[in-house]
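Numbering (this note's numbering), first residue to last: 1 to 633.
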């Protein structure tokens, strides 16, 4: 008999409380015992038990809506007795070491069901970031559920809204909004292109807020998947000041202006708002000061780009920005080390949620010509360092079938991770490419995302010894030609099919943000002294020339990483480990769909093992659910 089965009712409820859970919704004793088994597994997972033996059941408050008996997992027979008090003390100590205040984070994760209770310090929601009074807003996404948008971003329902989307559902919804919502369809010259960018621009009398994230505007994506989000507020320029040229907006402001000018070809007349005639388009950005930007903007727009236009978009833009960065020695504070010594062992992580553009031609360690092209761009070093060009070793983070099956919503957690059997056969058929594959989950990871499958897209360069991150990109772009673009005509032309948007965070961009006082455009509209805040935001403060970045969870276990964090490094809330665990010989990469013989039609793959609900495939409800997951007719 297991430890849990032998407990009295009082002991069971005490165990549940020690795990930070509740038994208030458990009516029958069987449900209490099931919840207690879940609590034991949660505590065991936090003690770094092997992933194959225990599953980290770290459900949030919303998980109480699901029957506990469905979520229960048997505790490993050889797990031994648990020192629950020690586990709890270790968890709290880990939080003290690794969890920084949210304003210091270069980016955050969207709050999700199924994450650990100790994950709140590095998470937020779109509801929180869009709350407040706004004069007008721009909202762009690939998939939009109006029911979710109305409830999750309720503040946007009180102002004129320009929606960038190509979706008949959205167009019908907008037509019923009495002229308040204006749908703009970004031009797509290629029939296989998409409007894949996910961002929000919010305007008020004090400033504007830019929110760049990775989630589709659906309950399933926003609450049941691991997503990344970056945001920053920028002050309005002084009244009466002449508008600058777009080229004077800095990298982030100028790149966003160029992107919007192409996505919104015909600016929208929004009428008179707060006494000011307002046009919804790129030139609205000319009224704001982007001098304190904490990131570069990465963007892709469809077309065949040549000359100077090539450097504006896709992986060519990324390579240009990386070459323009200061030398890599400064972030580590190693004044005696040369740039070549600092980055001699750097490697890449490519983490994304859709496998495409996989081929066997060419060579990225023999693994595909397009991956080689993309990794060459990501391997660029600062020109000032004068380092020889080399392609860095790449780690590709892609979930296992078992990681999806065991996630907090079972196979539904794979519905937003599209991949077909043909592409994955090419991956598995290449020994070199399979050798690059890394697991999503790591047992005992401090951010508690082992059971929340990824829709985030993150790319980074790092040193595997110190865990120092040279840069990180958070973007809507998967690894595909359509997203990042592909070079044509012997490298003289860049062909992109889709719209994408993201941010590139580097030590120099973080230092730039730290050199300015924080600005909050909502604080100004809630009784603060807007003029004083604008002046403070524009006033440079004493700051280092570069700010090191280290994954926040590494500070709990790695001495060198902890030293960097103590010295002022920016903690990154990476939801996976550095280094991610490599695939084992029998590990099976996630495949969402298979192609039917003869018809060529893709259908959901039926997997050999059922999930906790007895299902062998996913069937997530994407549309018709509000922010709380309730079905809306």
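Beta carbons: idealized from backbone N, C-alpha and C, even for Gly.
### Task
Below 6 Å CB to CB, which residues in the same chain sit around residue 114 once its five sequence neighbours on both sides are set aside?
Correct list, in chain order: 59, 408, 451 and 452.
### Task
Give every residue of the same chain whose Cβ lies closer than 7 Å to the Cβ of residue 127, excluding the five residues on either side of it in the sequence, and list them in chain order.
Non-local beta-carbon contacts of residue 127 in its own chain, meaning distances under 7 Å to residues more than five positions away in sequence, involve 152, 153 and 627 in chain order.
### Message
Between the segment 413-424 and the segment 189-197, can you find at least three pairs of beta-carbon atoms closer than 8 Å?
### Response
In this structure the segment 189-197 does not lie against the segment 413-424, because fewer than three pairs of beta carbons, one per stretch, are closer than 8 Å.
### Message
Which same chain residues end up closer than 7 Å to residue 410 when comparing Cβ atoms and leaving out the 5 residues on each side of it in sequence?
### Response
Within the same chain, residue 410 has close Cβ partners 611, 612, 613 and 615.
### Task
Go ahead and pull the three-state DSSP assignment for residue 229.
In the structure shown, residue 229 sits in a strand (DSSP, three-state: E or B).
### Task
Can you give me the Cβ contacts of residue 671 inside the same chain, cut-off strictly under 6 Å, excluding the 5 residues immediately before and after it?
Because the chain in this structure spans residues 1 to 633, residue 671 falls outside the shown range and cannot be described.
#### Entry: Sequence-distant residues of the same chain with beta carbon closer than 6 Å to residue 243, five excluded per side
Residues 286 of the same chain have their beta carbon placed closer than 6 Å to that of residue 243, with the five preceding and five following residues left out of the count.
### Three-state secondary structure assigned by DSSP to residue 169
Three-state DSSP puts residue 169 in a helix.
### Query
Between 608, 34, 166 and 111, which lies nearest to residue 404 when the distance is taken from Cα to Cα?
Answer by Cα proximity: 608.
### Message
What would DSSP say about residue 419, mapped onto helix, strand or coil?
### Response
The answer is coil: DSSP assigns residue 419 none of H, G, I, E or B.
#### Entry: As assigned by DSSP and simplified to three states, the class of residue 58
Since pLDDT at residue 58 reaches only 30, below the 50 mark, its modelled position is unreliable, and the value read off the structure follows with that caveat. Coil.
### Task
Determine the extent of the alpha helix (DSSP H) in which residue 224 is found, giving its start and end residues.
Per DSSP, residue 224 belongs to the alpha helix (DSSP H) from 219-224.
#### Entry: Opposing strand residues paired with residue 7 [DSSP bridges]
Looking at the DSSP assignment, residue 7 forms no beta bridge with any residue, so it has no partner.
### Task
Alpha carbon to alpha carbon, how far is residue 468 from residue 553? Give it in angstroms, no decimals.
Whole-angstrom Cα-Cα distance: 12 Å.
### Task
Assign residue 247 to one of two classes, buried (16 or more other C-beta atoms within 10 Å of its C-beta) or exposed (fewer than that).
Exposed, because fewer than 16 other Cβ atoms sit within 10 Å of the Cβ of residue 247.
### Message
So, at 6 Å on beta carbons, what are the nonlocal neighbours of residue 578 in its own chain, with the 5 sequence-adjacent residues on each side left out?
### Response
Within the same chain, residue 578 has close Cβ partners 462, 467 and 551.
### Query
Between which two residues does the alpha helix (DSSP H) containing residue 130 stretch?
Going by DSSP, residue 130 is part of the alpha helix (DSSP H) stretching over 126-130.
### Query
For residue 194, which three-state DSSP category applies?
When DSSP states are grouped into helix, strand and coil, residue 194 belongs to the coil group.
#### Entry: CB-CB length for residue 223 against residue 112, believed under 8 Å
Yes, they are in contact, since the Cβ atoms of residue 223 and residue 112 sit about 6 Å apart, within 8 Å.
### Query
Is residue 185 helix, strand or coil by DSSP?
In the structure shown, the three-state DSSP call for residue 185 is coil.
### Message
Can you check which of these residues, 560, 301, 296 and 226, is closest to residue 261 by C-alpha distance?
### Response
Closest by alpha carbon: 301.
### Message
By DSSP's criteria, residue 269 is part of a beta bridge. Which residues make up the other side?
### Response
In the DSSP assignment, residue 269 forms a beta bridge with 279.
### Task
Report yes or no: do the segment 577-592 and the segment 371-384 share at least 3 C-beta pairs separated by less than 8 Å?
Fewer than three Cβ pairs drawn from the segment 577-592 and the segment 371-384 lie within less than 8 Å of each other, which leaves the two stretches out of contact.
### Cβ-Cβ distance between residue 143 and residue 263 below 8 Å
Not closer than 8 Å, so no.
### Task
Taking 8 Å as the cut-off, decide whether the C-beta atoms of residue 229 and residue 149 are in contact.
The Cβ-Cβ distance between residue 229 and residue 149 does not fall below 8 Å.
### Residues bridged to residue 582 [DSSP beta-bridge criterion]
In the DSSP assignment, residue 582 forms a beta bridge with 438.
### Query
Taking buried to mean at least 16 other C-beta atoms within 10 Å of its own C-beta, is residue 271 buried or exposed?
Counting Cβ neighbours within 10 Å, residue 271 comes out exposed, since fewer than 16 surround it.
### Message
Which of the three DSSP states is assigned to residue 614 in this structure?
### Response
Residue 614 falls in the coil class under three-state DSSP.
### Task
Taking 8 Å as the cut-off, decide whether the C-beta atoms of residue 234 and residue 199 are in contact.
In this structure, residue 234 sits away from residue 199, with a CB-CB distance that is not shorter than 8 Å.
### Task
Could you name the residues of the same chain whose beta carbon sits closer than 6 Å to that of residue 259, not counting the 5 residues immediately before and after it, in chain order?
Closer than 6 Å at Cβ, skipping near neighbours: 299.
### Task
Report the rounded CA-to-CA distance for residue 351 versus residue 107, giving the unit in angstroms.
Taken atom to atom, the span from the alpha-carbon of residue 351 to that of residue 107 is near 16 Å.
### Task
Quick one: residues in its chain with C-beta nearer than 7 Å to the C-beta of residue 321, no 5 flanking neighbours on either side, listed in chain order?
For residue 321, same chain residues with a beta-carbon under 7 Å away, outside a window of 5 residues either side, are 296 and 504 in chain order.
### Query
Is the number of C-beta pairs between the segment 383-403 and the segment 561-573 that are closer than 8 Å three or more?
Taking 8 Å as the limit for Cβ pairs, the verdict is that the segment 561-573 does not touch the segment 383-403.
### Task
Counting only the same chain and skipping the five closest in sequence on each side, list residues whose C-beta sits under 7 Å from that of residue 252.
Excluding sequence positions up to five before and after residue 252, its CB lies within less than 7 Å of the CB of 290, 293, 295, 296 and 297, all in the same chain and listed in chain order.
#### Entry: Start and end residues, beta strand (DSSP E) containing residue 209
Following the DSSP letters along the chain, one finds residue 209 inside the beta strand (DSSP E) bounded by residues 207-213.
#### Entry: Cβ shell of residue 534 (< 6 Å), same chain only, five flanking positions each side left out
With a pLDDT of 43 at residue 534, under the threshold of 50, the predicted position of this residue should be treated as unreliable, and no value is reported.
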